[in-house]
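Chains as they are written, first to last, in our numbering: chain R, 26 to 216; chain B, 3 to 424.
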């Protein structure tokens, strides 16, 4: 199951469907996903070889596109570096659903276009490999197995636009890049 | 209902009468600050020109650059980064401050941290400027949004109020207060909020202590920290301000997410175990006294200010650092270095066996004097995660400058209250 097709205006599907590939605890330092000795690597082959290796050596062969990871409170605590999430994304992880997020991590990964959805109760409501369906705009998680629905805190409109654009840089390019500037200049001329 | 100082600063930066927590809007910083670092500024310089076609800045005075990392060792790659920074600054009319020290401190010395101003950086330790009643916010890669558009979208944060009474006892300082707060409240005790320090204990606290305290705000989950301006910070700001400024203050009826009271006289030295600053790693010094260390470091954007250099000199005066300990003392800025020199503190430290270095960020990040596998260090750096100061197999403990100096004397983590002169 890889999630529904993206809508025309978003690079991220409206509904993300997948399984819970891992559940992390509170104050989780995301660097540990690849190990601190690898936090400067952007080599996909190397990142693949170390991704989640200390947690589950079979993670890479088991995870599928569309799967999500679940976190406890203050997910992303520390001085989070980007490669850990790049490694997870390379393996198909499509979103992080957590009890709450550390602000620096939250800002850094929303910029990268990763849906980070705050849903209180999520870490105790699911078990590994449970199926989940995430309406990321509404911050709503449905557990098809039990029919349970968990409601979280929706993102701001701006954060939604960032994710829809595939990251902060892409949105900025759309709005402020040469095309965006030309569009605004034309609109101003029409006024 | 009134507003907090944070809400007022953001309202002014957002061109609004009032803002409330949770509101999301673009805010226009007074200054958009960065230090040059591979993968950050070099990429941003290129993006500005190549992707956004920006070759002339509307208001170059709002851009500020520091060269404070990767300066101690040299090398072709580092020189190239710094050369690109200098050139971009020259071409765009942007001030590049080099050789003056750690930017988060130098920004204050050069008058960017005027009370009521709003500053952003990609690095969260800019929150240290909250000591002056300005709001410093680390926005990570969204700094590009500010550079390109002039403003950055932010969620208005709620504030938690910390009412401080009393004064620090001998051998105890702002580092102990911060780690005490984390130990009590957890690593997300102020998540997505601003920590606002008030009360007689805050007013009696020196500017140095305020800066160090605010600089570490992120380890409670806060986005920043701030003191309301008072005569002490206003006097400093008036001397160095780059322009006229209008201070802002919290209203008496402002609303807070939470309020806490802390009596500074009751605090004791805290040490953080290797790993991170989170609450379960924070221990009273009594529990760790006697732990062997071979390295000791006083410096970083959160420490290494004149009071901490004085504290270290008081403890080390006429004594010798343990034979197997390497103590690096790095004053936070050139100005602080000069002052410490004039006060005779640097020679006291050198005579005790410390290595005193020119100001930079490089010891804190393990670029200078990296730790080897198996080493243990006691540090006033901002971070003690594995690999921060060199080998991933080295251990980094954190404590105040008092604690680091006392530990350097014995080669084991030591309680500074036993050696600090009364």
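Ideal placement from N, C-alpha and C gives every residue a C-beta, glycine not left out.
(Q) Check whether the stretch 402 to 419 of chain B and the stretch 265 to 284 of chain B are in contact - that is, three or more C-beta pairs closer than 8 angstroms. (A) Contact between the stretch 402 to 419 of chain B and the stretch 265 to 284 of chain B is established, with three or more Cβ pairs separated by less than 8 angstroms.
Q | Helix, strand or coil at residue 137 of chain B according to DSSP, with G and I counted as helix | A | Within the second chain, residue 137 of chain B is the residue found at index 135, counting from 1. In the displayed model, residue 137 of chain B falls within a strand according to three-state DSSP.
Q: Run the CB neighbour count on residue 37 of chain B, radius 10 Å, all protein chains shown included, and call it buried at 16 or more, exposed below.
A: Taking the second chain and counting its residues from 1, one reaches residue 37 of chain B at position 35. Buried: at least 16 other Cβ atoms inside 10 Å.
Q: Go to residue 230 of chain B, then tell me how far its beta strand (DSSP E) extends in each direction, as first and last residue.
A: Looking up residue 230 of chain B in the second chain gives position 228. That residue, residue 230 of chain B, is in no beta strand (DSSP E); it is neither H nor E in DSSP.
Q) Do residue 326 of chain B and residue 300 of chain B have their CB atoms nearer than 9 angstroms? A) Taking the second chain and counting its residues from 1, the one referred to as residue 326 of chain B is at position 324. Taking the second chain and counting its residues from 1, the one referred to as residue 300 of chain B is at position 298. The answer is no: Cβ separation not under 9 angstroms.
Q: Report the residue from R:173, R:159, R:46 whose alpha carbon sits nearest the alpha carbon of residue 86 of chain R.
A: For the purposes of this step, residue 86 of chain R is taken as the residue at position 61 of the first chain. Its Cα nearest to that of residue 86 of chain R, the residue R:46 stands out among R:173, R:159, R:46.
Q) According to the Cβ coordinates, are residue 298 of chain B and residue 158 of chain B closer than 9 angstroms? A) Residue mapping note: residue 298 of chain B aligns to position 296 of the second chain, counting from 1. Residue mapping note: residue 158 of chain B aligns to position 156 of the second chain, counting from 1. Taking 9 angstroms as the Cβ cut-off, residue 298 of chain B and residue 158 of chain B do not qualify as a contacting pair.
Q. Measuring CA to CA, which of B:354, B:417, B:344 is closest to residue 380 of chain B?
A. Position 378 of the second chain, counted from the first residue, corresponds to residue 380 of chain B. The shortest C-alpha separation from residue 380 of chain B is found at B:417.
Q. Would you report the Cα separation of residue 205 of chain R and residue 53 of chain B, rounded to the nearest angstrom?
A. To locate residue 205 of chain R, count along the first chain from 1; it is residue 180. To locate residue 53 of chain B, count along the second chain from 1; it is residue 51. When rounded, the separation of the alpha-carbon atoms in residue 205 of chain R and residue 53 of chain B is 11 angstroms.
(Q) What residue range does the beta strand (DSSP E) around residue 2 of chain B cover? (A) No statement about residue 2 of chain B is possible, as the shown extent of chain B runs from 3 to 424 and does not include it.
Q: With a cut-off of 8 angstroms on the beta carbons, I'd call residue 195 of chain B and residue 160 of chain B a contact; round off their distance for me.
A: Translated into the one-based positions of the second chain, residue 195 of chain B becomes position 193. Translated into the one-based positions of the second chain, residue 160 of chain B becomes position 158. Rounded, the Cβ-Cβ distance is 5 angstroms, consistent with contact.
Q: Drop a sphere of 10 angstroms on the beta-carbon of residue 28 of chain R, count the other beta-carbons inside from all chains shown, and report buried for 16 or more, exposed for fewer.
A: The residue labelled residue 28 of chain R in the question sits at position 3 within the first chain. For residue 28 of chain R, the predicted structure reports a pLDDT of 44, less than 50, and the residue's modelled location is therefore unreliable. The matter cannot be settled from this model.
Q | Under 7 angstroms (Cβ pairs) to chain R, residues found in the stretch 277 to 300 of chain B | A | Answer set for the stretch 277 to 300 of chain B: 278, 280.
Q: Specify, as a first and last residue, the run of the alpha helix (DSSP H) that residue 119 of chain B falls within.
A: Start at 1 with the first residue of the second chain, and residue 119 of chain B comes out as number 117. For residue 119 of chain B, there is no enclosing alpha helix (DSSP H), as DSSP gives it neither H nor E.
Q | Residues of the stretch 378 to 389 of chain B with Cβ closer than 9 angstroms to any Cβ of chain R, in chain order | A | Residues 384, 385, 387, 388, 389.
Q) Using a beta-carbon distance below 9 angstroms, is residue 220 of chain B in contact with chain R? A) To locate residue 220 of chain B, count along the second chain from 1; it is residue 218. Closer than 9 angstroms to some Cβ of chain R, the Cβ of residue 220 of chain B qualifies, so yes.
**Q.** Inter-stretch contact at 8 angstroms, needing at least 3 Cβ pairs: the stretch 359 to 372 of chain B / the stretch 133 to 153 of chain B
**A.** Here the stretch 359 to 372 of chain B makes no contact with the stretch 133 to 153 of chain B; the two share fewer than three CB pairs at distances below 8 angstroms.
Q.
I need the DSSP call for residue 31 of chain R, collapsed to helix, strand or coil.
A. Locating residue 31 of chain R in the first chain gives position 6, counting from the first residue. The predicted position of residue 31 of chain R is uncertain, since its pLDDT is 47 and thus under 50; a value taken from the coordinates is nonetheless stated next. In the structure shown, residue 31 of chain R sits in coil (DSSP, three-state: anything other than H, G, I, E or B).
**Q.** Within 9 angstroms, strictly: CB atoms of residue 279 of chain B and residue 221 of chain B
**A.** For this step, residue 279 of chain B is matched to residue 277 along the second chain. For this step, residue 221 of chain B is matched to residue 219 along the second chain. With respect to the 9 angstroms criterion, residue 279 of chain B and residue 221 of chain B are classified as neighbours on the basis of their beta carbons.
Q: Step through the CB atoms of chain R and report whether any lies within less than 9 angstroms of the CB of residue 190 of chain B.
A: The residue labelled residue 190 of chain B in the question sits at position 188 within the second chain. Residue-level contact check: residue 190 of chain B touches chain R, since one or more beta carbons of chain R fall below 9 angstroms from its beta carbon.
Q. Does the Cβ-Cβ distance between residue 311 of chain B and residue 179 of chain B come in under 9 angstroms?
A. Your numbering for residue 311 of chain B matches position 309 in the second chain. Your numbering for residue 179 of chain B matches position 177 in the second chain. No. Outside cutoff.
**Q.** Backbone CA spacing between residue 261 of chain B and residue 423 of chain B [nearest angstrom]
**A.** Translated into the one-based positions of the second chain, residue 261 of chain B becomes position 259. Translated into the one-based positions of the second chain, residue 423 of chain B becomes position 421. Going by the C-alpha atoms only, they are around 35 angstroms apart.
Q) In angstroms, rounded to a whole number, what distance separates the CA positions of residue 192 of chain B and residue 89 of chain B? A) As a first step, residue 192 of chain B is located in the second chain; it is residue number 190 there, counting from the start. As a first step, residue 89 of chain B is located in the second chain; it is residue number 87 there, counting from the start. Going from the Cα of residue 192 of chain B to the Cα of residue 89 of chain B covers about 40 angstroms.
Q. For residue 352 of chain B, does the count of other Cβ atoms within 10 angstroms reach 16, so buried, or fall short, so exposed?
A. For the purposes of this step, residue 352 of chain B is identified with residue 350 of the second chain, where counting begins at 1. Around the beta carbon of residue 352 of chain B, a 10 Å sphere encloses fewer than 16 other beta carbons of the protein chains shown; the residue is thus reported as exposed.
Q. Expressed to the nearest angstrom, what Euclidean distance is found between the alpha-carbon atoms of residue 409 of chain B and residue 415 of chain B?
A. Counting from one through the second chain, the residue named residue 409 of chain B turns up at place 407. Counting from one through the second chain, the residue named residue 415 of chain B turns up at place 413. Here the alpha carbons of residue 415 of chain B and residue 409 of chain B stand approximately 5 angstroms from one another.
Q: Kindly provide the ranges of any beta strand (DSSP E) runs that are 3 or more residues long and lie completely inside the stretch 255 to 327 of chain B, ordered along the chain.
A: With a minimum length of 3 residues, the continuous beta strand (DSSP E) runs that stay inside the stretch 255 to 327 of chain B are 260 to 265, 272 to 274, 284 to 286, 297 to 300.
**Q.** Inter-residue CB distance, residue 118 of chain R and residue 135 of chain R (contact presumed, cutoff 8 angstroms)
**A.** One-based indexing of the first chain puts residue 118 of chain R at position 93. One-based indexing of the first chain puts residue 135 of chain R at position 110. Rounded, the Cβ-Cβ distance is 15 angstroms, inconsistent with contact.
Q) residue 396 of chain B and residue 374 of chain B look like a contact to me (Cβ under 8 angstroms); what is the Cβ gap, rounded to whole Å? A) Against the second chain, residue 396 of chain B aligns to sequence position 394. Against the second chain, residue 374 of chain B aligns to sequence position 372. In this structure residue 396 of chain B touches residue 374 of chain B by the C-beta definition: roughly 7 angstroms separates them, less than 8 angstroms.
Q. How would you write the range of the beta strand (DSSP E) that residue 165 of chain B sits in, first residue to last?
A. Numbered from 1 along the second chain, position 163 holds the residue referred to as residue 165 of chain B. For residue 165 of chain B, the enclosing beta strand (DSSP E) begins and ends at 161 to 167.
Q. So which residues on chain R does residue 394 of chain B lean against when the C-beta distance must stay under 7 angstroms?
A. Taking the first residue of the second chain as 1, we reach residue 394 of chain B at position 392. Contact annotation for residue 394 of chain B against chain R: 61, 62 [CB-CB distance below 7 angstroms, chain order].
**Q.** Contact check, residue 170 of chain R vs residue 155 of chain R, beta carbons under 9 angstroms
**A.** Mapped onto the first chain, residue 170 of chain R falls at position 145. Mapped onto the first chain, residue 155 of chain R falls at position 130. Their beta carbons are under 9 angstroms apart, which means residue 170 of chain R touches residue 155 of chain R by this criterion.
Q.
Residues of chain R with CB closer than 7 angstroms to the CB of residue 194 of chain B, please, in chain order.
A. Here residue 194 of chain B corresponds to residue number 192 of the second chain, with the count starting at 1. What residue 194 of chain B touches in chain R: 128.
(Q) Cutting at 8 angstroms between CB atoms, please list the residues of its own chain near residue 5 of chain B, excluding the five before and the five after it. (A) Translated into the one-based positions of the second chain, residue 5 of chain B becomes position 3. The beta carbon of residue 5 of chain B sits closer than 8 angstroms to the beta carbons of 13, 20, 21, 252, 253, 256 from its chain, once the five residues preceding and following it are set aside; these are given in chain order.
Q: Can you grab the Cα-Cα spacing for the pair residue 59 of chain B / residue 202 of chain R, in whole Å?
A: Taking the second chain and counting its residues from 1, the one referred to as residue 59 of chain B is at position 57. Taking the first chain and counting its residues from 1, the one referred to as residue 202 of chain R is at position 177. Each residue's alpha carbon lies about 15 angstroms from the other.
Q: Would you list the one or two residues that DSSP bridges to residue 174 of chain R?
A: Here residue 174 of chain R refers to the residue found at position 149 of the first chain. Looking at the DSSP output, residue 174 of chain R sits in a beta bridge with R:167.
Q: Just the C-alpha distance for residue 206 of chain B and residue 235 of chain B, rounded to the nearest angstrom, thanks.
A: Looking up residue 206 of chain B in the second chain gives position 204. Looking up residue 235 of chain B in the second chain gives position 233. About 11 angstroms.
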